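Each remark here refers to the structure printed beneath this line.
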Amino acid sequence: MHHFIDRRQNPGDRSLGNRQRFIRRAKAQIKDALNNSIRDRKLGDVANGEDLSIPAKGIAEPRLRSSGDQGRRGRVLPGNKEFVTGDQIKKPQQGGGEGGGKEGSEDGEGEDAFNFTLSREEFLELFFEDLELPDLIKTDLRATSSVTYQRAGFAREGNPANLDVMRTMRNSLGRRIALNRPDLDAVAAMQDEITALEDMTEPTAKDRKRLDALYEELENLERRQKIVAYIDPVDVRYRQRKPVPKPNTQAVMFCLMDVSGSMGEREKDLAKRFFVLLHLFLKRRYERIDLVFIRHTHEAQEVDEETFFYSRQSGGTVVSTALSKMMEVVADRYPTDAWNIYAAQASDGENFSGDSKTCSQLLAEEVIPVCQYYAYVEILDEREFELFGNPEAGAALWRSYREVAESRENFAMKRVTKPADIYPVFRELFLKQGEKA
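Residue numbers are given in our numbering: position 81 of the sequence shown equals residue 1461, and the series is strictly consecutive.
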């Protein structure tokens, strides 16, 4: 009989299998609650897990029970003096007290909510599902911090490529001296003396006695050489390296978004997922990340996250004001020699007539040269996406940005209609970072 022993690290949760099965069974309700959570949470807190509340209806475990319609069974029922089989019981009169029950739901089906906590891994897995990220990218983004390896002394076991020859020979020499191992030169000199005595034509008795003594001494030296090896396994040393947190530099992420009336809740939800993905990527590689939110209509403002996503503002659309505002903030707070600058811009493609040319000039001459990566998404509905299926076609802003993208490797742009369209905007960025790793 075979016995299999699972030596993988146990997460310490005996109910892990039940928990995973529950998440698979209630995935639809969980994802609805997750989407609402993403809209309500701060951008920097999205990947920290979440407390969710879902309707309890439909998540009960199946169970076996006896059928009430089949089989034979005997029952003992309490008797009474007022009713017999077939009598109708009158409805009791309405009481004067107020009911203490819970308020009913809008659809008439009262149901308690089920509350539970998603771990960081579970949260990211569900978040990545709609984005359709490759598995390698998911693993890379889930990692909490990057590490580097530094020297950590020596070890007696290791990879042959890490063998430290100098340390090994030093240990060997010390052991041979301590155990008085015969020197190779001394053995060679003794063999030469024996050869000289053996070549004598008329050796004297003293010479023969000396030769016998040399034979005995040489045998003893050779025996000691075999006992005390020149290099013993205890002498071998390998260079050892230990992982240490990588001292990453700091990065700033600029979030630029058009907040005119044409950007509805759907567009802002897609934009937030777009910003979240870039933030997760940067959080993986930088110890400190600053978030700067710039919204614009006909004028640009630096605002907090709450105002950025949820405040209503009317006005025209002049995209160049956001780019100019970004460069003002960079010049004021984020010198390029100390900060890695990333930018993400979301828009519905509308812009003031004549401003698109200004945008392309600002991007090519000022913004892109100071950025590590600049990503732009144009959020369309499916009808508009069908009309603009050709990447060359589009509004003036899209065509101007296309000219910049053709000559700049660190600039990416794409039209999106659903969450799965967002990842390709960052595909080149992830691939380049993977090559560097």
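Note that the Cβ used here is the ideal one computed from N, Cα and C, for glycine as well.
Only a predicted model underlies this, so the values are computations on that prediction, with no experimental measurement involved.
- Query: In whole angstroms, what is the alpha-carbon distance linking residue 1465 and residue 1499?
  - Reply: The alpha-carbon of residue 1465 is positioned some 57 Å away from that of residue 1499.
- Message: Please classify residue 1802 as buried or exposed, where buried requires at least 16 other C-beta atoms within 10 Å of its C-beta.
- Response: Buried, because 16 or more other Cβ atoms sit within 10 Å of the Cβ of residue 1802.
- Message: Whole angstroms are fine: how far does the CA of residue 1706 sit from the CA of residue 1700?
- Response: Distance between the alpha carbons of residue 1700 and residue 1706 is about 10 Å.
- Hey, how far is the Cα of residue 1574 from the Cα of residue 1597? If you take the alpha carbons of residue 1574 and residue 1597, they lie about 11 Å apart.
- Message: Tell me which residue opens and which closes the beta strand (DSSP E) that residue 1636 is part of.
- Response: Per DSSP, residue 1636 is one residue of the beta strand (DSSP E) stretching across 1630–1638.
- Query: Using the rule of at least 16 other Cβ atoms within 10 Å of the residue's Cβ for burial, across every protein chain shown, is residue 1725 buried or exposed?
  - Reply: Buried.
- Message: For residue 1447, report the span of its alpha helix (DSSP H) as first-last.
- Response: Boundaries for residue 1447: no alpha helix (DSSP H) harbours it, and the DSSP string shows neither H nor E there.
- Item | residue 1516 (DSSP reduced to helix, strand or coil) | Because residue 1516 sits at a pLDDT of 49, beneath the cut-off of 50, its placement in the model cannot be relied upon, and the following sentence gives the value as read from the coordinates. Reduced to three states, the DSSP call for residue 1516 is helix.
- Item | Where the alpha helix (DSSP H) through residue 1774 begins and ends | For residue 1774, there is no enclosing alpha helix (DSSP H), as DSSP marks it with neither H nor E.
- Item | Simplified DSSP state of residue 1502, which is helix, strand or coil | Residue 1502 carries a helical assignment under DSSP once its states are collapsed to helix, strand and coil.
- Message: At the level of alpha carbons, what is the spacing between residue 1468 and residue 1446?
- Response: Each residue's alpha carbon lies about 28 Å from the other.
- Status (buried if at least 16 other CB within 10 Å, exposed otherwise) for residue 1745: Residue environment for residue 1745: exposed (fewer than 16 other C-beta atoms within 10 angstroms of its C-beta).
- Message: Please classify residue 1736 as buried or exposed, where buried requires at least 16 other C-beta atoms within 10 Å of its C-beta.
- Response: Residue environment for residue 1736: buried (at least 16 other C-beta atoms within 10 angstroms of its C-beta).
- Message: Considering only the alpha carbon of each residue, which of 1632, 1537, 1615 and 1778 lies closest to residue 1733?
- Response: Cα-wise, what sits closest to residue 1733 is 1778.
- Message: If we define contact as Cβ-Cβ less than 8 Å, is residue 1606 a contact residue for chain C?
- Response: This model lacks chain C altogether; it includes just one protein chain.
- Message: What ranges does the alpha helix (DSSP H) occupy inside the stretch 1530–1585, keeping only unbroken runs of at least 4 residues that lie completely in it?
- Response: Counting whole runs of 4 or more residues, the stretch 1530–1585 contains the alpha helix (DSSP H) stretches 1545–1558 and 1564–1578.
- Task: Could you tell me the distance, in whole angstroms, from the CA atom of residue 1686 to the CA atom of residue 1621?
- Result: Those two C-alpha atoms are separated by around 45 Å.
- Proximity to residue 1617 [Cα-Cα], best of 1743, 1634, 1791 and 1541: Of the candidates 1743, 1634, 1791 and 1541, the one whose C-alpha sits nearest the C-alpha of residue 1617 is 1541.
- Residues near residue 1794 in its chain [Cβ-Cβ closer than 7 Å; skip 5 each side]: For residue 1794, where only same-chain residues beyond five positions count, the Cβ hits under 7 Å are 1757, 1801, 1804 and 1805.
- Exposed unless 16 or more other CB atoms sit within 10 angstroms - verdict on residue 1495: A residue is called buried once 16 or more other Cβ atoms fall within 10 Å of its Cβ, and residue 1495, having fewer, is exposed.
- Examine the Cβ distances between the stretch 1548–1565 and the stretch 1628–1637 and report whether three or more of them are shorter than 8 Å. These segments do not touch.
- Message: Let me check one thing: in DSSP terms, what residues is residue 1719 bridge-paired to?
- Response: Assignment of beta-bridge partners to residue 1719 by DSSP yields 1630.
- Message: Assess contact between the stretch 1703–1718 and the stretch 1669–1685, defined as three or more Cβ pairs (one per stretch) separated by less than 8 Å. Is contact present?
- Response: Verdict: yes, contact present.
- Query: What's the C-alpha gap between residue 1728 and residue 1692?
  - Reply: Roughly 16 Å between the two C-alpha positions.
- residue 1791 - containing alpha helix (DSSP H), residue span: Taken as a continuous stretch (DSSP letters only), residue 1791 belongs to no alpha helix (DSSP H), being part of the beta strand (DSSP E) at 1791–1796.
- Can you list, in chain order, the residues of its chain whose CB lies under 6 Å from that of residue 1535, leaving out five sequence neighbours each side? If you ignore the 5 residues before and after residue 1535, its C-beta comes within less than 6 Å of the C-beta of 1618 and 1620, all in its own chain and listed in chain order.
- Item | Environment of residue 1545 [buried if 16+ CB atoms lie within 10 Å] | Exposed, since its Cβ has fewer than 16 Cβ neighbours within 10 Å.
- Item | residue 1497 burial status per 10 Å Cβ neighbour count (16 or more: buried) | By the neighbour-count rule (16 or more Cβ atoms within 10 Å), residue 1497 is not buried but exposed.
- Which residues in the same chain have their Cβ closer than 7 Å to the Cβ of residue 1710, if we skip the five residues on either side of it in sequence? Answer for residue 1710: 1721 and 1750, listed in chain order.
- In the structure shown, what three-state DSSP assignment does residue 1623 receive? DSSP places residue 1623 in strand when its eight states are reduced to three.
- From which residue to which residue does the alpha helix (DSSP H) around residue 1819 run? Residue 1819 lies beyond the range of the chain shown here (1381 to 1817); nothing can be said about it.
- Task: Return the Cβ separation of residue 1698 and residue 1676 in integer angstroms, given the expectation that the two are a contact with Cβ distance under 8 Å.
- Result: Yes, they are in contact, since the Cβ atoms of residue 1698 and residue 1676 sit about 7 Å apart, within 8 Å.
- Less than 8 Å between the CB atoms is what I'm expecting for residue 1414 and residue 1506, so what's the real figure, rounded? With a Cβ gap of about 5 Å, residue 1414 and residue 1506 count as contacting.
- Shortest alpha-carbon distance to residue 1609 belongs to which of 1761, 1452 and 1551? Out of 1761, 1452 and 1551, the CA that lies nearest to the CA of residue 1609 is found in 1551.
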